[in-house]
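Undergrad: Below you will find the structure I want to go over with you.
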Amino acid sequence: MMHEHYVIVGNGVTANAAADVLRERDPNARITMISDEFHLFYHRFRLPAFLLGEASESSLCVRPVSYYRERNIRLRLGQEVVRVELDRNLLYLKHMEKVGYTRLLLALGGKPHIPEVHYTYRHRFSTFKTLDDARLLRSRLGSIRSIVIAGGDLVSMRFATSLAKTGRNVMMMLASEAFWPLDLTETIREECIRSLTAKGVDVIDSDRIVGIDSADEQNFEVRTAAGLILPCQYVGAFFGWRPQVDFLVRSGLDIDRGILVDEHLRTNFDSVFAAGDCAQVYNPGIRNYWVSIGWPNAERLGRVAGENMAGGALEAGQAPQSALEVEGIQACTSWWREHGSE
Amino acid sequence: MNQANTPDQPKPIIHAGVSRFLEDVQKSGILNYRSESLPTWCPGCGYYGITHGITQALSELEIPSHELVFVSGIGCAGRYPFFMKGYGFHTIHGRTLPIASGIKMANPRLRVIAVGGDGDGFAIGGGHLPHAIRRNIDLTYVVFDNGIYGLTKGQASPTTPQGQITATTPYGNPEQPLNPTMLGLSYGTSFLATGYAGLPHELLPIFKAAFSHRGFSLVIITTPCVTFDSVNITYDRFRHLWHPIPASHPVSDIRSAMMLAMSGEHYYGVMFSEDRPTWDDRWETIQRNARKK
Amino acid sequence: MDRNERIGENTVNREDLIVKICGSAGDGSISATEILNRAVASMGYHIMNFDSFPAEIRGFGKSCGHTRISKNPVRTPGDKADCLVALDDGHSISELKNLKSNGIIIYDSLPPSYRDEDTAVAGYIEPGMIGYGVPLRELSTEATRSAKSRNLVSLGVIATLFNFDPDAFVRAISKRFSGKKESVRTAVLEAFRLGQIFTSEKISKRDAIDFERKAYPREGEYIIISGNESAAQGCLDAGIRLYAGYPITPATKIMEILAKKLPIQEGVVVQTEDEISAVGHVLGAGFSGTRSATATSGPGLCLMSECINLGVMAEIPMVIIDCQRGGPSTGLPTKTEQSDLRIALYGASGDSPRPVIAPTTVAECHSLAMAAFEISDAYQTPVILLLDFFLSNRIEDIVPDPEGSARWGRFPDSIAKPGESPYKRYRITPSGVSPRSMPGTPELLFTATGLEHTENGRPNYDAANHKTMTDKRYAKLDALRNAWSLPEPIGDAGELDVGVISWGSSAGSAIEAMEILRERGFRVGGWIPRLLMPLHEDALEAFAARCRCLVVTEMNHSGQFADVIERVVHRPILRIAKVYSEPMPSDDIVRIVLGELS
Ligand SMILES: Cc1cc2nc3c(=O)[nH]c(=O)nc-3n(C[C@H](O)[C@H](O)[C@H](O)COP(=O)(O)OP(=O)(O)OC[C@H]3O[C@@H](n4cnc5c(N)ncnc54)[C@H](O)[C@@H]3O)c2cc1C
Ligand SMILES: Cc1ncc(C[n+]2csc(CCOP(=O)(O)OP(=O)(O)O)c2C)c(N)n1
Ligand code: SF4
C-alpha cells in the first residue's frame, strides 16, 4: 500500500498543530513541512520582547529539531513554494525542485500589507513579522533614535509602546484602513490614542504619509499630507496583514482575501486544506466566511485541519461571539490576548 | 519509519534510461546470465559489447549458470564476474590462470571462463599463459585487450603501441607492443579466436566456438577504453578496419593462422582450432596406466 | 544539546575553515580547489587538501575537493566541512553526511529545469544549516558562454562570503590560466567576478565566518604539493637514476611524476610486467651501485618480499616506498590504512632486519625519502618507506627543508677503497657495515648471493658462520640507531597524565588530540618516532616511564605498532587501533582517552 505523504506548507503554529495531529493519527505516513523561514518554529508574539532584549533568541524557540526527528517529520526550512499544480499534486520550490503530496495543508499565515498609495516608496518601509525582521532591527536599534509607525494595526500597538518605553521617540501615524481586520470605530480610536499617548507614543491623527525620502538608507524623512516632515531612522509599515497567497493566484484555488475553505477547512480541491491566518473559513451558522487571526485561533484550526486530513470530519466551529465585520469579512477578536507578558 | 526520506540516507537515484534498456534486453533471454549488479564500467566501454557476446553464446548453448565459474584478475575487466550469474572468483592481479586452472583441475565438471585485461594477462600474469596452454586445460580465457591499464587510470600496457603517450609514458612508450595472437599461437594453444568489441553481434559465433572447444581456448577481444585511450583503439579509428577471417582459411593449419596473425590486418573469427587431448584426458591415461602397474 | 537545537547559532571562526567542492568529474571541482589552495596560501594561510573520490576510479563519477584552511599549521583534514559547494546535486547529496550540522551549502539556484523530488541538494538543507542559492550556471554562461566555469563563479562566492582578499584569487586564477589565450583568461576572471558581485549584492549573509581579508606573512618559499609528489621529489633530489614500478593505487602517482622528470635528469623509468620484476630491477641497480627506487602498495609489497629478503641477505641498497591502502589482499585501493607495518618490519622468511621509516607530513615525505637513500647506501640494505593513501594524496603547503636528509642523522660512507687484499665484501666490522665495492671497480670483485655466505661472499652453511653473519646483519641496525637523531618527545615535560605514541600519517590526529586534551587541563606528551626499525628503545622506555596512561594510536585493527611498543615497555597500553578508512578523527582519540581517564 502506498503511504500518505502529507505536506504542510508553513511552520507556524497552524502547521505544527496540524503535524502533531497527523502524526498521532497516522504513525506511518510521510510528513513534510516546508517553510521559507530558516528558523525553527518560534513564538511570534514574543518578537517585541526579543527586540528589546527581554527575551533571548533561544527562548523564542517552541520545539527543538529533535522533536521532529523523533516523530519522523521532515522539516524543510528556508525553502519556498513558488508555484503549485494542484491537479497533479505537485509543489514547485524556489530552488527548482518538485515535491509531490497526497494531502496538502496550506498554513501560510499572513504578511504585512503595504497599501497601493505608498507604492513608489514602499521599499523604504520596514516590516516586522519574522525573526529575521526582528534580528535586523535589533542589530540596528542602537543607532535608531526616532521611529515612525505607519498604520496602526493590532501588532503595532505593542510594538510602539515597547519602543517608547526605551526612551526612543516614537511617532504613530494612525491610518484608519490599517486597522484591519478591526474597524476603527470612534470609540476604539479614542481608546487607542489615549492609551498610546499615556505610554509615551506621539500619535499623529487625521494625516497621512505622502512620501519618504532618504539620503543614505539609514536616515529617513517622512512627509505627510499636512506638510509635516518627520526625521527618523525607521519607518515601520503596520497596515494590517493579508493572507500570504500571491503565489496561488492562478492555481485554481478559490481565493478571496484568503484561501476559501469550507467548515472542514477543505478547499475546492479535495486533497488540499488551508488553515490559520491565510484562510477564510466558512461558517454555516452565519452563512459567511470569517478570517482567523491570532495564535490560539491558529492553533485550534491547525488541529482541526490535521484531524480532517487524516480522514476526520471536525468542524472549524462557530466564529466567536466578538466577531466583527470588516469589509464584508467576519473577523474574530476575542483571541487577542497579551501573550507577550509571559 | 520512512527512512528513504531522511537526509542521512538519500534516496538512490534510479536512472530511468537504464531500466528501460534492461527491459528490452530481458526479452532476449541473455539476462539469465546477468547478476543483479549493473556493470560499473564507463558508459561506452567496449566491455559491454563483450559481455553481450558472452551472455548470448551462453544462452544459446544453454549452459546452466550453476555450472559456470567466472574467474578474473584485477582491473576493469576483472570486475566482470560481479556482473554475471554463475560462480565467480575475482582473484588477484595477474593470477587468473593459475587459480582458474586449479578450479578446473579440482572439479572438471565445471565450465570455467577466465577473463582479464591485457595487463592482467600479458604483463603481471604473462608468465602463466604458456603453462596453462601447455597443459591444454579445458577452459576459456578471454582477454579484454584495450591496450591500456583502465582501472589504474591510463598507464601503458604490454599491448600499447610504441610511442603512445600514457600516464607513465609522457614522452611516448619506449617499448614495442606484444602481438597477443602470435603469442598464443606460438605458445601452442589448441584454440585461438579474435574479435572486436565494436562488433558485438559478430562475437556470438566466436564465443560459441570457444565455449564448445575441448581444451584451452584463448579468445582475444580488442576493445576500446573510451576514457583513457583516445588515440589507439577507438571506435572511430577501428570502425572499418575489421574483416572476418576468410572462409578459405584452414582453421587447423597453424602456419596459415600465423600468417593471419602477422598480416597486420584486423581479423575476427576462429583463427586456429585443433583437437588435442586435454589435461583431464592426459590424466585419465596417466591414472589408468598407474592403476595397471 | 545538539548544536542546531538552538536557533540560528553559528560559531564565529576565522582561523579554521573546511570547504568541500563537489561535482561530477569535469565540473572542475578539483581545479577550483587547487585555485582556492593557492589563493589562501598566498595570504599566508596553511592548507591541507585531501580529495576523496569513490573506490571506482574512472573518468566519470563523483569528484570532490576537500580543503582545510587555517592560520595555524594544519595537521588533519578535519572531520566535517563548514561549507559545501554543490556543482552537481546528486553527488553533493551523498556528501551531505560530511557537512557540519550548521554547515553552509552553496547551490545552483537556477538549473535549466525543475528537478524531481529529493534530487536537489537544496531540498536537504537541514534546520540549522545555511543554504545560499547562486545562479551558478547562468553566471558562468554569461561570463564564458559555457557552464564549465561554474567552479570559478563559486570561488567568487566563497571569496566574498568569507571575506578573503579577492586579488589573491585573481592572481591564482590568472596563473592557472596563464597558458591560455587572453580572451579565455578574461572570461574566467569575469566568471569569478560575477560570483563576487552576485554575493555582495544578492546574498544576505547568515553565517558568521569572516576572514576580514587578513593576510599573514610567512618565512621561506612555500610550495603546494602532495605526499607522493614530495616523495618523488625526494627520490629525484637523492639522485636516483632508475625507477622501476608497476602501476598500483595509491603509488602510481610517484611513477607518473618520475616518468616525466627522471628522463630530464638522465634517468630511466621502466614499467615492468609486475612487482617482482620491478623490485628485481631495483635490486639489480642497487647491486651495480646506482640509486634506484620502486613504489607500490600492499599487494605489490607481498610480491616483492622475496627480492627484498634477497636484498637483506646480499646487503644491497634499495629503497621501496609502500603507499599503504586498505587490506588484506586487493583490499580497498582508495582507502587509507596503516596495516602494512608488520609486513614492512618482518615480512620475510628467516631473520631479516631492514630499516623502516615512516614520514608523518608531506614535508617529511621529501626529507625522509632522501634519508632512506642515505641509509640504504650507508648500511647496504633495503629500506622501506611507509606512506599511505592519505599521506600520498594529501596536499599541504610546505617549505622544503634545506637540510634535506641531514636533519635525521649523519650516515657514514661505506665505499671500499682499492688496495685491500684480499677484498672481503662481507668483512666483519664493529658496525656490521663492510666496505662496499661498485661493480666495474677493478680489484674489488665479489659475488653476491642469497645463500648464507662467508666474509668473501662464498656460500657456507657452517653454523658458526651463520651466527656470525646473522649478528653482522643485525649489528647494522644498532649502528643506524646510534647515527639517527633521537626522537624528541613533544608536549609537556615531566610527569604526564597521558602519553600518546603514534606513527606515520595519523600522527597529525594524535597531535591534534593532544592539544585538545591539554586544553582540558591534562598534562599530555607525545612520542612520534620516524624510524620504526630499529626503534630507539631507551628513549621509548624513558618516555613511557613518565606517563600515567600510555596510548598508542594507529589506523589498523590489530595494533601493529602497539605490539612493538608493548614488547619494549612491558606495561598495559591503551590501544587506539582502528580501521577508519578515512584519516583518523582526532575527536575519537580524545573520546577514548577521556573514557579511560575517568
Ligand atoms: C509581532 C507580532 C506579534 C503578535 N502578537 C500576538 C499576540 O500577542 N497574540 C496573538 O494571539 N497573536 C499575535 N500575533 C499573531 C500570531 O502570531 C499569528 O496569528 C499566528 O502566528 C498565525 O499562525 P499561522 O501558522 O497561521 O501563520 P504564520 O505564523 O504566519 O506561519 C506561516 C508560515 O508559512 C510560511 N510560508 C508562507 N508562504 C510560504 C510559501 N510560499 N512557501 C513556504 N513557506 C511559506 C511563512 O514563512 C510562515 O513561516 C502576533 C504576530 C506578530 C507578527
Ligand atoms: C600486485 C598488484 N599490483 C598492482 C595492482 C594495481 N592494478 C589493478 S588493475 C591494474 C591493471 C589494469 O589493467 P588491465 O589488466 O589491462 O585491465 P583493464 O583495467 O584495462 O580492464 C593494476 C596495475 C594490483 N591490484 N595488484
Ligand atoms: S576505464 Fe576504460 S576499460 Fe575501464 S571501464 Fe572505463 S572505458 Fe572501460
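Protein chains in written order, with our numbering: chain X, 864 to 1205; chain H, 2 to 294; chain Y, 2 to 599.
Note that the Cβ used here is the ideal one computed from N, Cα and C, for glycine as well.
1. So, with DSSP's three-state summary, where would you put Arg151 (chain Y)?
2. Step through the CB atoms of chain Y and report whether any lies within less than 7 angstroms of the CB of Ile75 (chain H).
3. Considering only residues of the same chain and omitting the five flanking positions on each side of His47 (chain Y), which have a CB-CB separation below 7 angstroms?
4. Verify whether the separation of the beta carbon atoms of Cys303 (chain Y) and Ser393 (chain Y) is less than 7 angstroms.
5. Taking 7 angstroms as the threshold (beta carbon to beta carbon), is Ala168 (chain H) in contact with chain Y?
6. Taking 8 angstroms as the threshold, find out whether the stretch 404-417 of chain Y comes into contact with the stretch 517-524 of chain Y through three or more Cβ pairs.
7. Are any of the Cβ atoms in chain X nearer than 7 angstroms to that of Asp117 (chain Y)?
8. Grab the span of the alpha helix (DSSP H) containing Tyr188 (chain H) for me, first residue to last.
9. Is there a Cβ from chain Y that is less than 7 angstroms from the Cβ of Tyr34 (chain H)?
10. Name, please, each residue of chain H whose Cβ falls closer than 9 angstroms to the Cβ of Pro490 (chain Y).
11. Under the criterion of a Cβ to heavy atom distance below 6 angstroms, does Leu1 (chain H) qualify as lining ligand 2?
12. Strictly below 8 angstroms CB to CB, what residues from chain Y border Arg939 (chain X)?
13. Output, in chain order, the set of chain Y residues within a Cβ distance shorter than 7 angstroms of Gly963 (chain X).
14. May I ask you to report which of helix, strand or coil DSSP gives Gln1096 (chain X)?
15. So which residues on chain X does Tyr108 (chain Y) lean against when the C-beta distance must stay under 9 angstroms?
16. Would Thr877 (chain X) pass as an interface residue toward chain Y - the criterion being a Cβ-Cβ separation below 7 angstroms?
17. Output the distance between the C-alpha atoms of Ser38 (chain H) and Tyr88 (chain H), rounded to the nearest integer angstrom.
18. Give the residues from the stretch 877-911 of chain X that approach chain Y closer than 8 angstroms (Cβ to any Cβ), ordered along the chain.
19. Apart from the five residues on each side of it in sequence, which residues of its chain come closer than 6 angstroms, Cβ to Cβ, to Leu204 (chain H)?
20. Let me check you understand the geometry: is the CB of Thr228 (chain H) closer than 6 angstroms to at least one non-hydrogen atom of ligand 3?
21. Following a CB-centred definition, is Cys77 (chain H) positioned closer than 6 angstroms to any heavy atom of ligand 5?
22. Closest Cβ-Cβ distance between Val928 (chain X) and chain Y: below 7 angstroms?
23. Looking at Asn233 (chain H) and ligand 3, is the gap between the Cβ and the nearest heavy atom below 6 angstroms?
24. DSSP on Leu69 (chain H), reduced to helix/strand/coil?
25. What's the gap between the Cα of Glu555 (chain Y) and the Cα of His906 (chain X)?
26. Hey, would you say the C-beta of His94 (chain H) is under 6 angstroms away from at least one heavy atom of ligand 2?
27. Measure the C-alpha to C-alpha separation of Ala417 (chain Y) and Ile574 (chain Y) and round it to an integer number of angstroms.
28. Kindly indicate which residue of H:Gly103, H:Glu285, H:Gly117 has the alpha-carbon position closest to the one of Gly151 (chain H).
29. Rounded to a whole number of angstroms, what is the C-alpha to C-alpha distance between Tyr869 (chain X) and Ala892 (chain X)?
30. Within the same chain, show all residues whose beta-carbon is closer than 6 angstroms to that of Pro1106 (chain X), passing over the 5 residues directly before and after it, in chain order.
31. Going along chain Y, which residues have a C-beta under 7 angstroms from Tyr955 (chain X)?
32. State buried or exposed for His202 (chain H), treating a residue as buried only when at least 16 other CB atoms are found within 10 Å of its CB.
33. Comparing C-alpha positions only, which one of H:Thr141, H:Ile246, H:Gln163 sits nearest to Pro178 (chain H)?
34. If we define contact as Cβ-Cβ less than 7 angstroms, is Glu257 (chain Y) a contact residue for chain H?
35. So, is the C-beta of Phe199 (chain Y) closer than 7 angstroms to a C-beta in chain X?
36. Under 6 angstroms: does the beta carbon of Thr877 (chain X) sit that close to some heavy atom of ligand 1?
TA: The structure says:
1. Position 150 of the third sequence, counting from 1, holds the residue named residue 151 (chain Y). Looking at Arg151 (chain Y) - three-state DSSP - the assignment turns out to be helix.
2. As a first step, residue 75 (chain H) is located in the second sequence; it is residue number 74 there, counting from the start. Yes, Ile75 (chain H) lies at the interface with chain Y (some Cβ there is under 7 angstroms from its Cβ).
3. Residue mapping note: residue 47 (chain Y) aligns to position 46 of the third sequence, counting from 1. These residues qualify, in order along the chain: Ser71, Asn73, Pro74, Val75, Asp398.
4. Taking the third sequence and counting its residues from 1, one reaches residue 303 (chain Y) at position 302. Taking the third sequence and counting its residues from 1, one reaches residue 393 (chain Y) at position 392. No.
5. The sequence position of residue 168 (chain H) within the second sequence is 167, counting from 1. Yes, Ala168 (chain H) counts as interfacial toward chain Y.
6. no
7. To locate residue 117 (chain Y), count along the third sequence from 1; it is residue 116. True, the Cβ-Cβ gap to chain X drops below 7 angstroms.
8. In the second sequence, counting from the first residue as 1, residue 188 (chain H) sits at position 187. Taken as a continuous stretch (DSSP letters only), the alpha helix (DSSP H) holding Tyr188 (chain H) covers 181-188.
9. Counted from its first residue, the second sequence places residue 34 (chain H) at position 33. Answer no: the Cβ-Cβ gap between Tyr34 (chain H) and chain Y never drops below 7 angstroms.
10. Here the question's residue 490 (chain Y) lines up with position 489 in the third sequence. Neighbours of Pro490 (chain Y) on chain H: none; closest Cβ ~41 angstroms, over 9 angstroms.
11. The requested residue 1 (chain H) does not occur in the structure, where chain H is confined to residues 2 to 294.
12. For the purposes of this step, residue 939 (chain X) is identified with residue 76 of the first sequence, where counting begins at 1. Simply Gly124, Ile126.
13. Here residue 963 (chain X) is taken as the residue at index 100 of the first sequence, counted from 1. Per Cβ cutoff of 7 angstroms: Glu118.
14. Along the first sequence, one-based indexing puts residue 1096 (chain X) at 233. The answer is coil: DSSP assigns Gln1096 (chain X) none of H, G, I, E or B.
15. One-based indexing of the third sequence puts residue 108 (chain Y) at position 107. Those within 9 angstroms of Tyr108 (chain Y) in chain X are His958.
16. For this step, residue 877 (chain X) is matched to residue 14 along the first sequence. By this cut-off, Thr877 (chain X) is not an interface position.
17. Taking the second sequence and counting its residues from 1, the one referred to as residue 38 (chain H) is at position 37. Taking the second sequence and counting its residues from 1, the one referred to as residue 88 (chain H) is at position 87. Near 14 angstroms, if we compare the C-alpha coordinates of Tyr88 (chain H) and Ser38 (chain H).
18. Phe901, His902, Leu903, Tyr905
19. The residue you call residue 204 (chain H) lines up with position 203 of the second sequence. Excluding sequence neighbours, Leu204 (chain H) sits near Gly54, Gly196.
20. Here residue 228 (chain H) refers to the residue found at position 227 of the second sequence. Result yes, Cβ under 6 angstroms from ligand 3.
21. Looking at this structure, you won't find ligand 5 anywhere; what it does contain is ligand 1, ligand 2 and ligand 3.
22. Counting from 1 along the first sequence, the entry for residue 928 (chain X) is found at position 65. Yes, Val928 (chain X) lies at the interface with chain Y (some Cβ there is under 7 angstroms from its Cβ).
23. Looking up residue 233 (chain H) in the second sequence gives position 232. Outside the cutoff, so no.
24. On the second sequence, residue 69 (chain H) is found 68 positions in, with the first residue counted as 1. Three-state result, Leu69 (chain H): strand.
25. Counting from 1 along the third sequence, the entry for residue 555 (chain Y) is found at position 554. Counting from 1 along the first sequence, the entry for residue 906 (chain X) is found at position 43. For Glu555 (chain Y) and His906 (chain X), the distance between alpha carbons rounds to 50 angstroms.
26. Start at 1 with the first residue of the second sequence, and residue 94 (chain H) comes out as number 93. Yes, the beta carbon of His94 (chain H) sits closer than 6 angstroms to at least one heavy atom of ligand 2.
27. Taking the first residue of the third sequence as 1, we reach residue 417 (chain Y) at position 416. Taking the first residue of the third sequence as 1, we reach residue 574 (chain Y) at position 573. About 46 angstroms.
28. For the purposes of this step, residue 151 (chain H) is taken as residue 150 along the second sequence, with counting starting at 1. The residue with the shortest Cα to Cα distance from Gly151 (chain H) is H:Gly117.
29. Position 6 of the first sequence, counted from the start, is the residue given in the question as residue 869 (chain X). Position 29 of the first sequence, counted from the start, is the residue given in the question as residue 892 (chain X). Each residue's Cα considered, the two are about 7 angstroms apart.
30. In the first sequence, counting from the first residue as 1, residue 1106 (chain X) sits at position 243. Closer than 6 angstroms at Cβ, skipping near neighbours: Gly973, Gly1121, Cys1141.
31. Translated into positions along the first sequence, residue 955 (chain X) becomes position 92. Tyr115, listed in chain order.
32. For the purposes of this step, residue 202 (chain H) is taken as residue 201 along the second sequence, with counting starting at 1. Exposed is the call here.
33. Along the second sequence, one-based indexing puts residue 178 (chain H) at 177. Nearest C-alpha to Pro178 (chain H): H:Gln163.
34. In the third sequence, counting from the first residue as 1, residue 257 (chain Y) sits at position 256. Chain H, which has a Cβ nearer than 7 angstroms to the Cβ of Glu257 (chain Y), makes this yes.
35. The residue you call residue 199 (chain Y) lines up with position 198 of the third sequence. No, Phe199 (chain Y) lies away from the interface with chain X (no Cβ there is under 7 angstroms from its Cβ).
36. On the first sequence, residue 877 (chain X) is found 14 positions in, with the first residue counted as 1. Yes.
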